[in-house]
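K.L.:
Below you will find the structure I want to go over with you.
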Amino acid sequence: MAATASNNNDPARNVDWSAIHADPKFQELHRKKKTLIVTLMIVSMIYYFLLPIGGGYFPGIFTVQVWGPVNVGILFALSQFVVAWIIAAVYAARGNGEFDRLAAEVRKNAERHGVMKPAAGESKRGAA
Amino acid sequence: MKSKIMQGGLLVAISLSPCTALAQGAVSSEWRWLTIVVFGAIIALTLLVTFIAAKRVSSASDYYAAGSGISGLQNGWAIAGDYLSAASFLGIAGLIALYGFDGFLYSVGFLVAFVTVLLVIAEPCRNIGKYTLSDILAFRNNPRTARVMGSLSIITVSIFYLTAQMVGGGLLVELIVGIDYTVSVIAVGVLMLVYVLFGGMLATTWVQIIKAVLLVIAAILLTILAWAPYGFSLPGLLDAVISDQKVLAQVVKLLGGAGNMNEAELGQLFLEPGLFLTRPLDLISLGLGLVLGTASLPHILMRFFTVPDAKQARKSVVWAMAIIGGFYVITLILGMSAAINVGALDIATFDEGGNMAAPLLAQHLGGGPDALLGNLLLAFVAAVAFATIVAVVAGLVLACSAAIAHDLYVNVFRGGHAEPAEQVRAARVATLIVGAIAITIGILAEGQNVAHLVGLAFAVAASANLPCLLLTLYWRRCNTGGIVAGILVGTLSAVALVMVSPNMTYPLIETADAQAVVDAGPATIKEIRADMAAAKSPGERKSLESQIAAVKDQVAAATADVKTYEGQTESMLGLRAPLFPLENPGIVSIPLGFLAVFLGSLLWRDRRAEEMWEETYVRQQTGILSSAGAAH
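These protein sequences, in sequence, are chains Z and V. Sequential numbering from 462 applies to the first sequence in the numbering used here. Sequential numbering from 3 applies to the second sequence in the numbering used here.
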């Protein structure tokens, strides 16, 4: 079944998507996820673009030496890696825990209330 | 593509220029056997993997998405293998070796780009996509129209990127090993075709994993060897950098004179911004292209269809960020070590773009060109570079052929009615065609400077694909009109801006620059001669002598340039000077792309897109009915 592209939408017609969309658990997932993603995205963008802006328009700050020849610019550039990793870790922690749990509840609710029949055609799974 | 890049490329890229001095490659002929052994071992390993994978490819899902059976950890390594192209592996170490701090700025952008992938792209795309980016665009919009637009953009981006990889790859293999350019291009192309045709995505994935593991091993090994003498201290290494004569000479060369600075001040400049990237706006524009473009590069996006669910997609990105980030952090050590151990001058003698910094550093750390270990390390780095090119090209060809076979042939031309066997056949035929095109372009484009094409690929992805993907996933009002407008405006504006940018060749400017080099030549040589008279050690004298030779080479090349452009006054578009001042179009073309999706959606009525919103949003958030057909 996996190979037949046109069947992609068929089982979807048996699902009441509005009902799932209106599920309070789904709304909770949507709200929490949106808040976290928007916050992290803004933090990440601001922090990253401080690097080219700082290097380009305020080189004086970057050239201050703090640890032998190591200056603010090098430390700031290195800190970019740490910040990116922290953002990834924060998102992954929330995602692996709370968001995955909420999504599973939404799926379970949908099946229990009969708005969704379990997918008929199990895809053939390729091994790896 | 008659253009020649100047003043440092968009996006690092492979700005190789075959050099007069060493057309024979970095490996001397007596050590050629060692290189062949190392290359042979790595190629044999990848072919073995392909052989095993080939038995498991029976459906289109196997061919394009490895049956969605790859784990998050495996996919993280494969993403690293797909993403760390020769440009980023060799190019960034080279840029740091040549330009110090400014080179390191590139490293940062390449990692931060994955924050966008993680937060907004990876999971939704896994949940509602199947094999290609167009699957997501077609989900709630008019399927045929969206697929045609999506595949247009996938093909554009992949061909730009592919051309840069083939030309750069051919030159790299020629430079390092000394095989003829055309033979190198054919070798890369044929090997890649073997992986993809027989083993599909499963073989491609494992080739990418093997390559990433080898690359990380090589990088760690070199870092330990290079950094140990300084007790793994950052200030210790950098102290050696700023007081190194070769570094000082490079800084003076970049500044065009020492001014009235003393040696300590000059050396410190190598660790400060401004030696390479002199226009901040260009750097911001580049950053935008990177941070938003990576998330919608077709070959990267395609990797998320190989995992079973959103959780594994998320894990893939986290692993990829750990591997890619770790790699880019140590490019700082590798680049700085190359600057003191090999020296900018020697690096640039092989290749002005700096791509030889890492291979030459490997050779030096192993004891130099005459030592067994030196040549073994060089052979290892060279083989990793070769595997890198093949692995990246394989990912690109697979993405491009999926757009042709899955989007255009099966879904648009055949209206989705194709038997599984026919789908796999179509995929293989498309792969063969794209592979043949890649090899042909690679051979035809020999000697062309294609560095700006990598930047252009990122810019088109960021300006066309990303606005469409993001808004169709997250904006209720987005519809087919927006997708059409976004892809067209984003692609055309990015390409058009590059065509009138300083990336193109402007004969008047080229002539003036070359003339300046010719005019300055005698004075520079006189200056170095004066230094030579004052030089104490024979080593110092020798290095100054090679500087004189380099200046003479530069003058000769500049004289030739002046002759080449004699009588020409206009670029290929008939311009005397660039219309657009920046090399990177992102800062203008990305907002234009977003604007086009907004306006196109608002001006268009599309009931299906509106009706499908709740389904789209629920499915991309929860993975209900995802094509991987996993547990839920």
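Ideal placement from N, C-alpha and C gives every residue a C-beta, glycine not left out. These numbers come from a predicted model, not from an experiment.
#1: Against chain Z, with Cβ distances strictly below 8 Å, would proline 371 of chain V count as a contact?
#2: Identify which residue in V/Met203, V/Arg146, V/Leu195 has its Cα closest to the Cα of valine 59 of chain V.
#3: Where does glutamine 526 of chain Z sit, in a helix, a strand or coil, going by DSSP?
#4: Looking at chain V, is there any beta carbon in it that lies within less than 8 Å of the beta carbon of isoleucine 525 of chain Z?
#5: With a cut-off of 8 Å on the beta carbons, I'd call phenylalanine 103 of chain V and leucine 273 of chain V a contact; round off their distance for me.
#6: Does the pairing of the segment 73 to 84 of chain V with the segment 307 to 324 of chain V give three or more beta-carbon distances under 8 Å?
#7: What does the alpha-carbon distance come out to for the pair threonine 566 of chain V and glutamate 125 of chain V?
#8: Please state whether DSSP places valine 531 of chain Z in a helix, a strand or coil.
#9: Would glutamate 267 of chain V be called buried (16 or more neighbouring beta carbons within 10 Å of its own) or exposed?
#10: What does a CB cutoff of less than 8 Å around threonine 524 of chain Z pick up in its chain, not counting 5 residues either side in sequence?
#11: Tell me whether arginine 430 of chain V counts as near the ligand ZN, meaning its Cβ is closer than 7 Å to at least one heavy atom of that ligand.
#12: List the endpoints of the continuous alpha helix (DSSP H) containing arginine 492 of chain Z.
#13: Taking 8 Å as the cut-off, does the segment 459 to 469 of chain V touch the segment 580 to 598 of chain V (at least 3 CB pairs, one atom from each stretch)?
#14: Can you give me the Cβ contacts of arginine 586 of chain Z inside the same chain, cut-off strictly under 7 Å, excluding the 5 residues immediately before and after it?
#15: I'd like to check one pair, threonine 390 of chain V with phenylalanine 116 of chain V: are the Cβ atoms closer than 8 Å?
#16: Give a yes or no on contact between the segment 557 to 570 of chain Z and the segment 340 to 351 of chain V, applying the rule of three or more CB pairs nearer than 8 Å.
#17: Tell me which residues share the same chain as leucine 250 of chain V and place their Cβ nearer than 8 Å to its Cβ, disregarding the 5 neighbours each side in the sequence.
#18: Nearest to arginine 427 of chain V by alpha carbon, out of V/Pro583, V/Tyr66, V/Ala189?
#19: Here's the rule I'm using: 16 or more other beta-carbon atoms within 10 Å means buried, otherwise exposed. How should arginine 305 of chain V be labelled?
#20: Cβ of glutamate 616 of chain V less than 8 Å from any chain Z Cβ?
#21: Quick one: which chain V residues come within Cβ less than 9 Å of valine 567 of chain Z?
#22: Only counting the same chain, and skipping five residues up and downstream in sequence, which positions put a Cβ closer than 8 Å to that of leucine 512 of chain Z?
#23: What separation, rounded to the nearest whole angstrom, lies between the Cα atoms of serine 155 of chain V and arginine 562 of chain Z?
#24: For leucine 605 of chain V, which residues in the same chain have their Cβ closer than 7 Å to its Cβ, ignoring the five residues on either side in sequence?
#25: Do you know offhand how far aspartate 477 of chain Z's Cα is from arginine 610 of chain V's?
#26: Measure from the C-beta of asparagine 570 of chain Z to each C-beta in chain V and report whether the shortest distance is under 8 Å.
#27: Does any CB atom of chain V fall closer than 8 Å to the CB of glutamine 541 of chain Z?
#28: I'd like to know whether the C-beta atoms of isoleucine 72 of chain V and leucine 471 of chain V end up nearer to each other than 8 Å.
#29: Beta carbon of alanine 564 of chain Z, beta carbon of threonine 624 of chain V: below 8 Å?
#30: For a quick check, are the C-beta atoms of serine 160 of chain V and alanine 401 of chain V less than 8 Å apart?
#31: Using a Cβ-Cβ cut-off of less than 7 Å, give me the residues of the segment 264 to 285 of chain V that come near chain Z, in sequence order.
#32: Among V/Gly291, V/Val620, V/Val452, V/Ala518, which has the Cα closest to the Cα of tyrosine 509 of chain Z?
#33: What residue range is occupied by the uninterrupted alpha helix (DSSP H) comprising threonine 442 of chain V?
#34: For a quick check, are the C-beta atoms of threonine 280 of chain V and isoleucine 94 of chain V less than 8 Å apart?
#35: For a minimum of 4 consecutive residues, which ranges assigned as the alpha helix (DSSP H) are wholly contained in the segment 580 to 615 of chain V?
P.N.:
Based on what the coordinates show:
#1: no
#2: V/Met203
#3: strand
#4: For the sequence presented, residue 525 of chain Z should be read as valine rather than isoleucine. Not closer than 8 Å to any Cβ of chain V, the Cβ of valine 525 of chain Z fails to qualify, so no.
#5: 5 Å
#6: yes
#7: 52 Å
#8: strand
#9: exposed
#10: Asn532, Val533, Gly534
#11: Ligands displayed in this structure: none; no statement on the ligand ZN is therefore possible.
#12: 485 to 518
#13: yes
#14: Annotation note: pLDDT 38 at arginine 586 of chain Z (below 50); position unreliable, no value reported.
#15: no
#16: no
#17: Glu265, Leu268, Gly269
#18: V/Tyr66
#19: buried
#20: yes
#21: Val620, Gln623, Thr624, Ile626
#22: Phe537, Ala538, Gln541
#23: 36 Å
#24: Gly483
#25: 16 Å
#26: no
#27: yes
#28: no
#29: yes
#30: yes
#31: Gln270, Leu273, Glu274, Pro275, Gly276, Pro282, Leu285
#32: V/Gly291
#33: 422 to 446
#34: no
#35: 588 to 605, 609 to 613
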